[in-house]
Amino acid sequence: MVADGGIDFSVIEKPAQQDLADRGLHQCASPVDLLVAVTAQHHKLTVLHQDSDFETIARATGQPVRRIVD
84 MVADGGIDFS VIEKPAQQDL ADRGLHQCAS PVDLLVAVTA QHHKLTVLHQ DSDFETIARA
144 TGQPVRRIVD
């Protein structure tokens, strides 16, 4: 998938999926969660979330995440 900015997210998303699979966590994150995570990682942004799947993704990718609470 190539977004408007010309980024081929499949190149980034596949390694993230493989990292999760290698850790036995491949069914934890939806494709949308992975897309959000790899987009944030590409732009060097922290994912703000209320979804524990992003914590799991971050354990595999090392990217920064922060849980937000009401």
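Using the numbering used here, you'd call the opening residue of the sequence shown number 84 and step up by one each time.
Ideal Cβ positions, reconstructed from N, Cα and C, are used throughout, including at glycine.
These figures come from a predicted structure and were not determined experimentally.
Contacting residues, own chain, Cβ-Cβ under 6 Å from residue i (five flanking each side not counted)
i	result
Asp116	Asp136
Cys111	Asp136, Thr139
Pro147	Thr129
Leu131	Arg149, Ile151
Ala141	Val148
Start and end residues, beta strand (DSSP E) containing residue i
i	result
Leu131	130–132
Val152	Looking at the DSSP string, Val152 is not in any beta strand (DSSP E), and its letter there is neither H nor E.
Separation of residue j from residue i, as counted between CA atoms
i	j	result
Val85	Ala120	Unreliable positioning characterises Val85 in this predicted model, as indicated by a pLDDT of 48, which lies under 50. A coordinate reading is not provided.
Ala143	Gln124	12 Å
Gly145	Pro114	18 Å
Beta-carbon contacts of residue i that lie in its chain and below 8 Å, excluding the five residues immediately before and after
i	result
Asp134	Asp116
Beta-carbon contacts of residue i that lie in its chain and below 7 Å, excluding the five residues immediately before and after
i	result
Asp153	none
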